[in-house]
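Trainee: Protein chains in written order, with the numbering used here: chain D, 20 to 202; chain F, 20 to 202; chain B, 20 to 202; chain Y, 20 to 202.
The C-beta atom is built at its ideal place from N, Cα and C for all residues, glycine as well.
Small disclaimer: the values here were computed from a predicted structure and weren't measured.
One structure coming up, written as structure tokens, with questions to follow.
Protein chains: 4
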Amino acid sequence: MAQYPIAVLVGSLRRDSFNRKLASAMVQLAPPDFTFTQLQIGDLPLYNQDDDASPAESVKRLKAEIQAAKGLLFVTAEYNRSISGVLKNAIDHASRPYGQSAWTGKPAGILGASVGAIGTALAQQHLRNILAYLDVPTMGPPEAFVQAKEGLFDGSGNIGDGSRKFMQDWMDQYVAWVKKISP
Amino acid sequence: MAQYPIAVLVGSLRRDSFNRKLASAMVQLAPPDFTFTQLQIGDLPLYNQDDDASPAESVKRLKAEIQAAKGLLFVTAEYNRSISGVLKNAIDHASRPYGQSAWTGKPAGILGASVGAIGTALAQQHLRNILAYLDVPTMGPPEAFVQAKEGLFDGSGNIGDGSRKFMQDWMDQYVAWVKKISP
Amino acid sequence: MAQYPIAVLVGSLRRDSFNRKLASAMVQLAPPDFTFTQLQIGDLPLYNQDDDASPAESVKRLKAEIQAAKGLLFVTAEYNRSISGVLKNAIDHASRPYGQSAWTGKPAGILGASVGAIGTALAQQHLRNILAYLDVPTMGPPEAFVQAKEGLFDGSGNIGDGSRKFMQDWMDQYVAWVKKISP
Amino acid sequence: MAQYPIAVLVGSLRRDSFNRKLASAMVQLAPPDFTFTQLQIGDLPLYNQDDDASPAESVKRLKAEIQAAKGLLFVTAEYNRSISGVLKNAIDHASRPYGQSAWTGKPAGILGASVGAIGTALAQQHLRNILAYLDVPTMGPPEAFVQAKEGLFDGSGNIGDGSRKFMQDWMDQYVAWVKKISP
């Protein structure tokens, strides 16, 4: 059976990040041929084009992990109505040097949780602009603007009953999207 | 005479950054009551909310420099159709902890240069969204989507003749904007 | 006492539009030197540059009403994650012919209500991009992403108790913004 | 041989619209199994939700034409840093009533020309946001931010030599995208 390794990028470094928990919980809703790995982005240097010729080990690792994946899952926080600088820095690193982007052609889905009612809607809009440029075909609806509130997760860290159906539907469509786009 | 110290944020760490040169050249077009300081953002850690209680020295320095300024000048690169992760990381740091943003109410202007024809237009659009949220009243036109090409600077690093009039007009309007908005 | 006539643009033509009701309710929170007029945009033709030399009466009326105002209030619906075509058409008309825009320099505020949780956040982001280009200095926070739900209005059509304090604060800041920017 | 009828939406009503000419010229670069029809959007009424139950004939025609297509081609002007109200009005009409959108699942490509250097980059960004919500899988690169200048078309109205290779490549990728996504 074909396997679909998915690279997961979480847009917040906070230890108890809602988005990290959301990423972990979503994995439970995926079929067995999909495997998910959260990529480490907190040890990357700030991107500086002068380093393109001699990238840090953490940068080489990030690019290799993305290249090995058949799909991408972005679980983004919203900082100041956009994606975090942390996530953008990772995106910038893996897109360079010019002509050697690791992102090209990888199908993606976007999720995001925040405590506010708009639930990362504005961050996701910026992320979609960026991914379109990077030739990352990104699933449209269902949009997942998740409000981080009590009951989102159950006691075991899985998606709680109130959101289960929506999230399972999201995952089913994501799986279909990756299979359609992935070469 | 009232003095207007301006904090300048350049969105690229590259040593020979066009945007850094542009920032330096624009200073020559300003009146004597405006002084400009390029803030260092390349030594900031990646933002992590867990560090809010014990920020790094570089973060404290950045916030103090912004708070001391009467205006802001963003000279942004465009990376992947948005601002750089480096610049967004600096914006995130100075906006936190919640309720203690250093940006609030500071008038701003946006410039940006790139080698491509669209000249950072898309990065500037994202930056405007972010600044609106941060309560940074940002000057509208004239938009400065600068294409980085021969003749932009003269041999002394000043704005070249072909762009001088446009850039002087930009600066004059920026000065008026800062004086109007700054308390 | 100086008077501040405000031109109000409502982004939905629906008779029972939440945004129209919101526009009407907000007026009650304004001081006596501010007067509000909802502009008619439903009788405009679709914008066609070929008609610039001989604009329809409805277009001439719209431009005159905007020019007579000292401030703008946009109360926008969200259609398909942007402003409505109806509102954009009105904006396009009043911006033309080239060099004869009626919008230039008028201070603005943005409100918007929708039944969804994100409450026009994405429409407002597009509108801010457009207004920045049109040289319309637009108030930043407080953002008003209003969810249209029971209790938003009281029995008399005024803002209900649950939202009164937020909306009064919004209006107070809007009034200060218009007075600061308006020549 | 399977046939791919494509619905073309041009974002400007001007008789001598560059974008209309661009749409016509692009057709010459397509393979014989692709046929293109420019949809009429200039006779649509302004969208009003109150009319959902009894849509105008022009609205019914627009929706039927979109539903009959296997792909979409947007050739957009940029008005005030977004798509035209005229185009947005057409998008709004064909998306309603709620649950009966004609757009769902149709693969799309975006082109746009303007006299300015940024060549509709900002309009295209807004259009991508809108199409993502409408479940219209939209091709990413190559971006076509076309500057409308002498030589863009040859004497017969075809794409001129200077842009031919880029535009042929765009069309080839568009054709592959439609075939991949279309059911």
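Rounded C-beta distance between W189 (chain D) and A163 (chain D)? I'm assuming under 8 Å.
Mentor: 6 Å
Trainee: Rounded to whole angstroms, what's the CA-CA distance from K168 (chain B) to G181 (chain B)? Just pull it up for me.
Mentor: 11 Å
Trainee: To the nearest angstrom, how far is the alpha carbon of L106 (chain D) from that of P74 (chain D)?
Mentor: 18 Å
Trainee: For S210 (chain Y), which residues in chain B fall below 7 Å Cβ to Cβ?
Mentor: The question about residue 210 (chain Y) has no answer here: the residues shown for chain Y are numbered 20 through 202.
Trainee: If we ignore side chains and look at the alpha-carbon of each, how far apart do V46 (chain F) and M158 (chain F) end up?
Mentor: 17 Å
Trainee: DSSP on A83 (chain Y), reduced to helix/strand/coil?
Mentor: helix
Trainee: Does the segment 81 to 96 of chain Y touch the segment 81 to 99 of chain B, meaning 3 or more C-beta pairs lie closer than 8 Å?
Mentor: no
Trainee: Would you verify that the beta carbon of G159 (chain F) is, or is not, closer than 9 Å to some beta carbon of chain B?
Mentor: yes
Trainee: For G128 (chain F), which residues does DSSP report across the bridge?
Mentor: Looking at the DSSP assignment, G128 (chain F) forms a beta bridge with F:L92.
Trainee: Please list, in chain order, the residues of the segment 108 to 142 of chain D that have any C-beta partner in chain B closer than 8 Å.
Mentor: A136, I137, G138, A140, L141
Trainee: For the segment 62 to 86 of chain B, which residues have a CB atom closer than 8 Å to at least one CB atom of chain Y, in sequence order?
Mentor: L63, L65, Y66, N67, Q68, D69
Trainee: Give the straight-line distance between the Cα atoms of Q68 (chain D) and D35 (chain B), rounded to the nearest whole angstrom.
Mentor: About 55 Å.
Trainee: Counting only beta-carbon separations shorter than 9 Å, does F93 (chain D) have a partner in chain B?
Mentor: no
Trainee: List, from N- to C-terminal side, the beta strand (DSSP E) runs of 3 residues or more that fit wholly inside the segment 131 to 183 of chain D.
Mentor: 164 to 166
Trainee: Based on Cα-Cα distance, which residue from D:S43, D:L92, D:A42 lies nearest to W122 (chain D)?
Mentor: D:L92
Trainee: Give the residues of chain B in contact with F164 (chain D), contact being defined as C-beta atoms less than 8 Å apart.
Mentor: Simply A136, I137.
Trainee: So, do the segment 143 to 156 of chain B and the segment 22 to 42 of chain Y have three or more beta carbon pairs nearer to each other than 8 Å?
Mentor: no
Trainee: Would DSSP call A109 (chain F) helix, strand or coil?
Mentor: In the structure shown, A109 (chain F) falls within a helical segment according to DSSP collapsed to helix, strand and coil.
Trainee: Opposite V27 (chain D) in the DSSP bridges: which residues?
Mentor: V27 (chain D) is bridged to D:Q57, D:L92.
Trainee: With the cut-off set at 9 Å, would you say G124 (chain Y) and I200 (chain Y) are in Cβ contact?
Mentor: Yes; because the gap between Cβ atoms is below 9 Å, this pair is in contact.
Trainee: Going by beta carbon distance, what residues of the same chain come within less than 8 Å of A127 (chain D), once the five residues before and after it are set aside?
Mentor: G90, L91, L92, F93, L150, V155, P156, T157, M158
Trainee: How many angstroms separate the CA atom of S101 (chain F) from the CA atom of I25 (chain F)?
Mentor: For S101 (chain F) and I25 (chain F), the distance between alpha carbons rounds to 24 Å.
Trainee: Hey, I137 (chain B) and I129 (chain D): beta-carbon distance below 9 Å or not?
Mentor: No, these two residues do not count as a Cβ contact at 9 Å.
Trainee: Any beta carbon from chain Y within less than 9 Å of G203 (chain B)'s own beta carbon?
Mentor: Examination of residue 203 (chain B) is not possible in this model, given that chain B is present from 20 through 202 alone.
Trainee: Can you pull out the residues from the segment 37 to 59 of chain Y whose beta carbon lies closer than 7 Å to at least one beta carbon of chain B?
Mentor: none
Trainee: I think A49 (chain F) touches V27 (chain F), with their Cβ atoms under 8 Å apart; what is that distance to the nearest whole Å?
Mentor: No, A49 (chain F) and V27 (chain F) are not in contact; Cβ-Cβ is about 11 Å, not under 8 Å.
Trainee: Kindly list, in the order they appear in chain Y, the residues whose Cβ is closer than 8 Å to that of D191 (chain D).
Mentor: Per Cβ cutoff of 8 Å: no residues; D191 (chain D) is ~15 Å from chain Y at best.
Trainee: Using only CA atoms, which one of F:Y66, F:L58, F:A88 lies nearest to D52 (chain F)?
Mentor: F:A88
Trainee: Compute the beta-carbon to beta-carbon distance between N99 (chain Y) and S114 (chain B), rounded to the nearest angstrom, for a pair I have assumed lies under 8 Å.
Mentor: 6 Å
Trainee: State the DSSP-derived secondary structure class of Y193 (chain D), mapped to helix, strand or coil.
Mentor: DSSP, reduced to helix, strand and coil, places Y193 (chain D) within a helical segment of the structure shown.
Trainee: Of all the options D:R39, D:N38, D:T54, which has the alpha carbon lying nearest to the alpha carbon of V194 (chain D)?
Mentor: D:T54
Trainee: Spatial neighbours of D191 (chain B) within its chain, please: CB distance less than 7 Å, with the 5 preceding and 5 following residues excluded, ordered by chain position.
Mentor: none
Trainee: State the DSSP-derived secondary structure class of S201 (chain Y), mapped to helix, strand or coil.
Mentor: coil
Trainee: Between which residues of its own chain and I110 (chain Y) is the CB-CB distance below 7 Å, once the five residues before and five after are set aside?
Mentor: I149
Trainee: Tell me, please, whether the CB atom of Q144 (chain F) is closer than 9 Å to any CB atom in chain Y?
Mentor: Yes, because at least one Cβ of chain Y sits closer than 9 Å to the Cβ of Q144 (chain F).
Trainee: What residues are listed by DSSP as bridge partners for S101 (chain D)?
Mentor: D:Y98
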